[in-house]
Structure formats: C-alpha cells, structure tokens
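>
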Amino acid sequence: MARGRRRRGAHPPRGRRWWHAAVAALVAVAAVLVVHDAWTPSGDGSVGTAHRERATEALPSGSRAAPPVPTASPNGSAQPSASPSAKTTTQTKPRTEPKSSADASAKATGSGISGRAQRQPTSAPAGQRLITVVNKTHKTIWAVVTDTAVYPAGRKLAPGQVMSVTVADNWAGRIWGRTGCTTTAASVCASGDCTSVCSGANPPTTLGEFTFSAFDDLDFYDVSMVDGANLPMYINVSHTTTVDPVSSSGCYRGRCTTEVECPKAMQALLNGQEIGCKPPCAAFGGDTYCCRGAWAGREHCLPAKWPVDYTQVFKLAAPYAYSYAFDDSATMSCRHRCYYRVTFGTTHGT
1 MARGRRRRGA HPPRGRRWWH AAVAALVAVA AVLVVHDAWT PSGDGSVGTA HRERATEALP
61 SGSRAAPPVP TASPNGSAQP SASPSAKTTT QTKPRTEPKS SADASAKATG SGISGRAQRQ
121 PTSAPAGQRL ITVVNKTHKT IWAVVTDTAV YPAGRKLAPG QVMSVTVADN WAGRIWGRTG
181 CTTTAASVCA SGDCTSVCSG ANPPTTLGEF TFSAFDDLDF YDVSMVDGAN LPMYINVSHT
241 TTVDPVSSSG CYRGRCTTEV ECPKAMQALL NGQEIGCKPP CAAFGGDTYC CRGAWAGREH
301 CLPAKWPVDY TQVFKLAAPY AYSYAFDDSA TMSCRHRCYY RVTFGTTHGT
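Counting from 1, one number per residue, gives the positions in the sequence shown under full-length UniProt numbering.
1) Leaving aside the five residues before and after P125 along the sequence, list all residues of the same chain whose C-beta is less than 8 Å from its C-beta, in chain order.
2) Give the range of the alpha helix (DSSP H) segment to which V145 is assigned.
3) Do the stretch 248-256 and the stretch 314-322 meet, that is, are 3 or more Cβ pairs less than 8 Å apart?
4) Go to C277, then tell me how far its beta strand (DSSP E) extends in each direction, as first and last residue.
5) Is it buried or exposed, P280, if we count other Cβ atoms within 10 angstroms and call 16 or more buried?
6) Since F326 is in the beta strand (DSSP E), which residue starts that stretch and which ends it?
7) Rounded C-beta distance between C338 and D219? I'm assuming under 8 Å.
8) Taking DSSP as the reference, what is the three-state secondary structure of Q161?
9) Are there 16 or more other CB atoms within 10 angstroms of the CB of K139, so buried, or fewer, so exposed?
10) Determine the DSSP secondary structure at W295, reduced to helix, strand or coil.
11) So, at 7 Å on beta carbons, what are the nonlocal neighbours of G293 in its own chain, with the 5 sequence-adjacent residues on each side left out?
12) Shortest alpha-carbon distance to H348 belongs to which of E259, W306, V308 and R335?
13) Would you give the residue range spanned by the beta strand (DSSP E) that G228 belongs to?
14) Would you tell me roughly how many angstroms separate the C-alpha atoms of I275 and W295, rounded to the nearest one?
15) Can you give the Cα-Cα distance for S123 and L130, rounded to whole angstroms?
16) Kindly indicate which three-state DSSP category T288 falls into: helix, strand or coil?
17) With a threshold of 6 Å on Cβ separation, who are the neighbours of C290 within its own chain once the five nearest residues in sequence on each side are excluded?
18) Run through DSSP, which three-state label would T122 get?
19) Hey, how far is the Cα of P245 from the Cα of A330?
20) Spatial neighbours of D169 within its chain, please: CB distance less than 7 Å, with the 5 preceding and 5 following residues excluded, ordered by chain position.
21) Based on DSSP bridge pairs, tell me the residues matched to G208.
22) Alpha carbon to alpha carbon, how far is F344 from A325? Give it in angstroms, no decimals.
23) Once DSSP output is grouped into helix, strand and coil, what is the label at K156?
24) Which residue marks the beginning of the beta strand (DSSP E) containing T343, and which one marks its end?
25) If you check the beta carbons only, do L270 and T137 fall under 9 Å apart?
26) Identify which residue in T346, R335 and P152 has its Cα closest to the Cα of F215.
27) Considering T311, what are the terminal residues of the alpha helix (DSSP H) in which it resides?
28) In chain order, what residues of the same chain have a beta carbon less than 6 Å from the beta carbon of I175, not counting five sequence neighbours either side?
29) Looking at the structure shown, is A149 part of a helix, part of a strand, or coil, going by DSSP?
30) Got a sec? Which residues, its chain only, sit under 8 Å from C251 by beta carbon, not counting five neighbours each side?
31) How is the beta strand (DSSP E) around S249 delimited, first residue to last?
32) Please state whether DSSP places A304 in a helix, a strand or coil.
33) Starting from the C-beta of R155, find all residues in its chain whose C-beta is less than 7 Å away, skip the five residues before and the five after it, and write them out in chain order.
34) Do C262 and A304 count as a contact pair if the criterion is CB distance below 9 Å?
35) Which of the three DSSP states is assigned to C256 in this structure?
36) Determine the closest residue to G272 out of A190, A158, P152 and C181, with distance taken between C-alpha atoms.
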C-alpha cells in the first residue's frame, strides 16, 4: 500500500509509534487474505478471479496439412519422402494419484487421466512446428508420429487425452492411431500395426500424411483412407493466414466427420469383432479395384467405372479424405510454418 511522502524530519510522537505499527500489520494481514481468496476455490467449487483467468486461457487451435500429390504404392497409398529426425516433446493431461492396483498400473504406463487438462504448448521454437494430437474417441489409442519419440510404438492416449510434439520445418511423415493394443511392442495391436520399422501401418489404417515446406513456402497434407480406415480423423491448421478448409469440429463443405459404415464384405475382423474397413483392393483384389493392368495409372484408375464405386464408403464418412490412390482433390495446403491439430474422432465426439 502506497504511503504519503513525508517531509524530511517529520515523525510521529514516540508514544504513538506502536499504534502505527499495529495498523500497518493489520493492513498487511488483510492484503494477504484478499490475495489468498482470489487464488483458492470457493464453496461452490469455482476458483477466484486470477486463477480462473489462467485456467480458461485458450489451448492452441487445431491444425491441418496435406502431402504433395502422392504416388501410388503397391497397396495404393501415398508415400511421403523421408525426413531427418525431429526433436519431440509430448504432454498429456495430468494424472491423479492411483486409488487401486489397477490405477497404479495405469499411472505407471502413462494412461492415467484427470478431469483437468494440462495447458498445452501454444508455440514451437524457431525452425520447428507444433503438432497436437487429440483423442476424441471412446477408446484408448496409441498415437504414432513418424520420425519422433512416439514412433514406432506410439504414445498411449486415453479418451480425452491430448499430446503435443514438435518437428522440424522440413518434416515429412505420417500420423495414425493403433487400437486394441496390449503393450507398446510392435505387432500386438488389433489395428494400426506394422512390422518392425515402417513409414505406415498395415491396412486398414487411417493415415494423416504431411510434407512441410514442400514448395513456395507451402506445406501439403491430407487424411488418407487409401489403405482403408480404422479410426475417424480430421486435421486443422493454425498459426497461418491460410483459411482452414475444415471446421474445428471436423466439417467440410457442409458435410461432417462420421464413422465409416463399412459393407460386410470390406470389414476387417478380429475374433469376430470389426476393427476397421478394408480398402477395395484388399477386400476384393483384381486389377480393377487394385488399379493394375488395364486399370493402372491416373487416367485409367476411375472408380466411377468400377462395378461398384467403393470409394464412397470413405467419402461419406470423411468428405475431405483420400479415398483412392489418385484422389488428388483431397490434397490440402497451408502456407508459412503452419501448426497442426490432428483429431481422432467424429464431429459429434463419438
């Protein structure tokens, strides 16, 4: 508390100094109580003003990006170029102290989750980009980001958990989710696995594909269901002047993200349970659906001429996604050091 300026040599009488000291002490105690009240919970569970303002600061907005025009691989997926190793940092929601042996095991494996979200990074160091991965599904997944510390095993994300990684400005890679995992070892998940080191997962797996600083300060990115789908996914962009083509809830040109309604003949099963939707080539084989022989190449691989256009199985669920190897309209771009938010989940959070 500010004090009035005194003239040099002006002091209160000696007999009254104790009174001034007592008043000053009472004022100091009152100030401490006011500050304490502003930072502690009230009776209804809310917090004081200063605490509330910090707790409600916005998390970094989502991001989206797409790889350059892909070239078809043997299974029809797009292959991004290799990139140097990237520095990685990850964060998830804070974990509460375990109340049982099961909770203790979850805490030890990083699967614990509390109701209060830890503040996520909002920026990346110079020469790096921020990628945020969100699990909005109702299942636990292992999120994989190639060329980072969460590759190839992935980072375990319980429903509602978020992780952030930083990668180099020239990073090129893929992001996907593994499901039905029992450990972090390779080849033990129901879907999204690959054998040893890989740049993508075995079909059916939904892939996010990225190539940063590919051309004229542009990134290219996409969601690919060329290899089928095991999880709904959409990508948002931020930290850019580029207008995000996908809404923060996963809608694109009036259509939103939903679960894939997979025909029975295309369903991938494990112990009788559906774990994903196969691409037409894997489900039916043959030159037509695999774009081989007379159907090879961009000019001849035309789903509209297939006996059944099975690409619509994926387009109806994710209208922005690659549905076959030459679906180049699904490639998106973002200019100048964009940040990305990859969401596993649908528009309505299922």
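Idealized CB from N, CA, C, for every residue including glycine. No experiment lies behind these values; they were computed from the predicted model shown.
This is what the structure gives:
1) T166
2) Taken as a continuous stretch (DSSP letters only), V145 belongs to no alpha helix (DSSP H), being part of the beta strand (DSSP E) at I141 to V145.
3) yes
4) Q273 to C277
5) buried
6) Run containing F326: none; DSSP gives neither H nor E here.
7) The C-beta distance from C338 to D219 rounds to 6 Å, short enough to meet the 8 Å contact threshold.
8) coil
9) It counts as exposed.
10) helix
11) D287
12) E259
13) Here G228 belongs to no beta strand (DSSP E), and DSSP marks it neither H nor E.
14) 29 Å
15) L130 has its alpha-carbon roughly 6 Å from the corresponding atom of S123.
16) helix
17) Excluding sequence neighbours, C290 sits near C281.
18) coil
19) 11 Å
20) G127, Q128, R129, F212, S213 and R337
21) I175 and V223
22) 22 Å
23) strand
24) Y339 to F344
25) no
26) R335
27) For T311, the uninterrupted alpha helix (DSSP H) segment begins and ends at T311 to K315.
28) V145, G208 and V342
29) In the structure shown, A149 adopts coil according to DSSP, grouped into three states.
30) T257 and T347
31) Here S249 belongs to no beta strand (DSSP E), and DSSP marks it neither H nor E.
32) helix
33) T90, W142, A143 and M163
34) Annotated as distal: A304 and C262, with beta-carbon spacing of 9 Å or more.
35) strand
36) A190
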